[in-house]
Amino acid sequence: MVTGILDYIWLVPALPLLGVLLNGAIALFCERPLLLAEAAHGDEGHGHGDAHGGHHAPAPYRKLVAFIGPAVVGAAFVVSVLAVLALAARPAHDRFFVQVLFPWIQAGGFSAPAALQLDPLSSVMILVVTGVGFLIHVYSAGYMSHEKAFARYFVYLNLFTFAMLTLVLGSNYLVMFVGWEGVGLCSYLLIGYWYEKKSASDAGKKAFIVNRIGDFGFMLGVFLIFWTFGTVNYTEVFAKVPLLSANGVLTTEIATAITLLLFVGAIGKSAQIPLYVWLPDAMEGPTPVSALIHAATMVTAGVYMVARSSSLFLLSPVSMGVVATVGAATAIFSATIGITQNDIKRVLAYSTVSQLGYMFLACGVGAFTAGIFHLMTHAFFKALLFLGSGSVIHALSGEQDMRKMGSLKKHLPITFTTMFIATLAIAGIPGLSGFFSKDEILWKAFSSEHGHIALWAVAALAAGITAFYMFRLVFLTFFGESRMEPEVEKHVHESPYSMTVPLMLLAVLSVVGGWIGIPEVLKGHNYFEEWLAPVFAQGAAGGHGAAGAHGAAHHPVALELGLMAGSVAVALCGIGLAYYLYRVRTNKPKEIAEAVPGLYDVVLNKYYVDEIYDFLFVRRIVNGSIVLWQAFDAAFIDGIVNGIAAAVRGAGDGVRRLQTGVVGNYAFSLLLGAVLLVGYILTR
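Residue 1194 is where the sequence shown starts when you use the numbering used here, and the numbers rise one by one after that.
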């Protein structure tokens, strides 16, 4: 009976889609008429800030929406758990299940069915998406309770969950691409949820456009896969890799082209250099959106895609080097920006970009399991950090500037405790989930045949910086003297249970989530690596980083323990420096900023990357578009259309003059025609 649940795997994406339909009907027939009626009486009808939707008499449908939205995702999580248990009951070599829903694209010998694939890799992803997603949906019910467009919000949230589940469950690159584009659309809708606020609508458009740049590379990569393999189905593509490599069809150059094009898509979706600029601006959306899309799920799609394509990436040392280098560079680059940010959500945004860099670094050195492990643990503590920041913002009536906080520990005990646990986890303190996944990446960066000591050094430094700016956030927000406005401080209170219970559950996961991947050097057993081993078995021959900890076999245990202790020491140094600057010598940060004003301004302004992009690309495209519009569209295209219209109108005017209505004129015309006709016959 348990095994039979696999036949119902289609319910996992279908249930959130059902929520879209149900809440969509409520939004259309219940919510929209009320909003239109309010707008007719001069009410704006939309909130313009985080958790500031405007107060109003609650409508009965809102309770139904607040139930349906989380319930469908919770049900999908239950089905996911049962399906994964059924998969685990099978032998390790047989943990693979494909369900064809219906024929989709068939042309000649090419076939791409609408099919779902459940294996150890996709099982991890659906548990993260539905499990963390459910908690965020529950949190949203409380956090967004004052929003007037309440049903519309949950429609978008459920639609995103459906798209993300389609992405990770698809059995071929085309189904993945449908989900890939779906999450891109939903990110646009959710980031720009407060569309009447210009910064929010601009951020939504920015995310959409930047993602389209990456998606173009992803599409070209899929086209090249089809051209090379004749199929886009995962099982067929990966099964053909050894054969086509042996007979010279799949050369290193072709593999490099395919994987670099796929990685362009991953760079856009997972916010890596140079296409990371959309994610910090995406904080304009509601805080639960930041937690779901930009911490736990959507931005990890690129990491999932690279891990899914590990057999192809391992054929190209160039691509592996590019992935590792871009990941390491992004990790350190965005970490430095996080040091100077004052908006609590933007600190977390740059932290997300940095942690995604860690995941790509892992994939680039062949440690795909370590990358997915960090993806999972990061989902726990980063979702908690975002939701915790939302609780702070909720308590402070929308305030996000950490310079206007302080002393919140006594007012928000649950929020503080849970966020402190998440901060310890992301800093890599031993025993918490982030320590095990981060240390695995650092060890692989050093020990893997694809790794290098420089990659390890950059990643270790980024870890220290992460510990520094995350504890800076904690100290500025929860400790010290209150810097809140008196009127705001008067109303500070802990969030309701609908918001704090998800925080507590995520805090538990932030502690124990890494215990399934304790390395053998610490007398543990890496069950997570063992679970994913069959997925990366094909790539294991290409490098010991692909399937497990084989890299450790070539290095003494003392070295691994030493590097582990070193990384912990670096993190503790970061924490100690943050404590010194923001608890002991609180005037010191200002003195440092004044001592190096140029450097401080550069980092504070995010290295002026947005301004550079605006000058090099945005302005050029806009100005070029104006020229094309005026010279080509208005003058040439419109000129042709208007010219033809003028010619037809002129001909019509000429013909109209012949239609006088005088019978004599018509008789004369007939006579003239007869004479001309007879003359033509005689002269011929």
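Just so you know, even glycine gets a beta-carbon here, dropped at the ideal spot from N, CA and C. None of the values given here were measured: they were computed from a predicted structure.
Taking C-alpha positions only, S1582 is separated from F1419 by approximately 45 Å. In the DSSP assignment, G1407 is bridged to no other residue. Taking C-alpha positions only, F1729 is separated from A1269 by approximately 27 Å. In the three-state scheme derived from DSSP, where H, G and I count as helix and E and B as strand, N1780 is classed as coil.
In the three-state scheme derived from DSSP, where H, G and I count as helix and E and B as strand, P1473 is classed as helix.
With distances taken between CA atoms, I1261 lies nearest to I1219 out of C1223, I1219 and L1228. Proximity of the region 1532 to 1547 to the region 1609 to 1617 falls short of the contact definition, fewer than three beta-carbon pairs being nearer than 8 Å.
Per DSSP, reduced to three states, the secondary structure at G1363 is strand. Bounds of the beta strand (DSSP E) holding L1311 are F1303 to L1311. For V1546, the uninterrupted alpha helix (DSSP H) segment begins and ends at I1537 to G1557.
If you look at I1614, you'll find it in the alpha helix (DSSP H) that goes P1606 to A1620. When secondary structure is reduced to three states using DSSP, A1560 falls in the coil class, being assigned neither helix nor strand.
Under the three-state reduction of DSSP output, V1293 falls in the strand class.
Under a 10 Å Cβ-count criterion, D1826 is classified as exposed, with fewer than 16 other Cβ atoms of the shown protein chains found around its own Cβ. For F1628, same chain residues with a beta-carbon under 7 Å away, outside a window of 5 residues either side, are G1621, I1622 and G1707 in chain order.
G1520 is a Cβ neighbour of G1550, given a cutoff of 8 Å. Annotated as distal: L1468 and V1516, with beta-carbon spacing of 8 Å or more.
Looking at the DSSP output, I1202 bridges to nothing.
The Cβ atoms of V1376 and A1356 sit closer than 8 Å to each other.
When the five nearest sequence neighbours on each side are left out, the beta carbons in the same chain lying within less than 7 Å of the beta carbon of A1771 are those of F1661, F1664, R1665 and F1668, in order along the chain. 8 Å or more divides the Cβ of A1572 from the Cβ of A1652. Looking at the DSSP output, G1857 bridges to nothing. Classified as buried, S1504 has 16 or more neighbouring CB atoms from the shown chains inside 10 Å of its CB.
For F1721, the uninterrupted alpha helix (DSSP H) run begins and ends at Y1720 to L1725, by DSSP. Taking a 10 Å sphere around the C-beta of Y1773, we find fewer than 16 other C-beta atoms and assign the residue as exposed. N1365 is classed as buried because its beta carbon has at least 16 other beta carbons within 10 Å across all chains shown. In the three-state reduction of the DSSP assignment, G1836 falls in the helix class, which pools H, G and I. Of the residues assessed, F1327 falls on the buried side of the cut-off, its CB having 16 or more other CB atoms within 10 angstroms.
The three-state reading of DSSP puts Q1852 in coil, since its state is none of H, G, I, E or B. Counting only the Cα atoms, H1567 lies some 29 Å from K1602. For G1423, the three-state secondary structure derived from DSSP is coil. Shown here for I1202: same chain residues with a beta carbon closer than 8 Å to its own, the five before and five after excluded, namely V1272, A1276, F1290, Q1292, L1309, L1311 and L1362 in chain order.
The residue from G1302, S1703, F1861 and L1314 with its alpha-carbon nearest to that of L1280 is L1314. One Cα belongs to F1411, the other to L1454, and the distance between them is close to 6 Å. Less than 8 Å divides the Cβ of L1580 from the Cβ of P1695.
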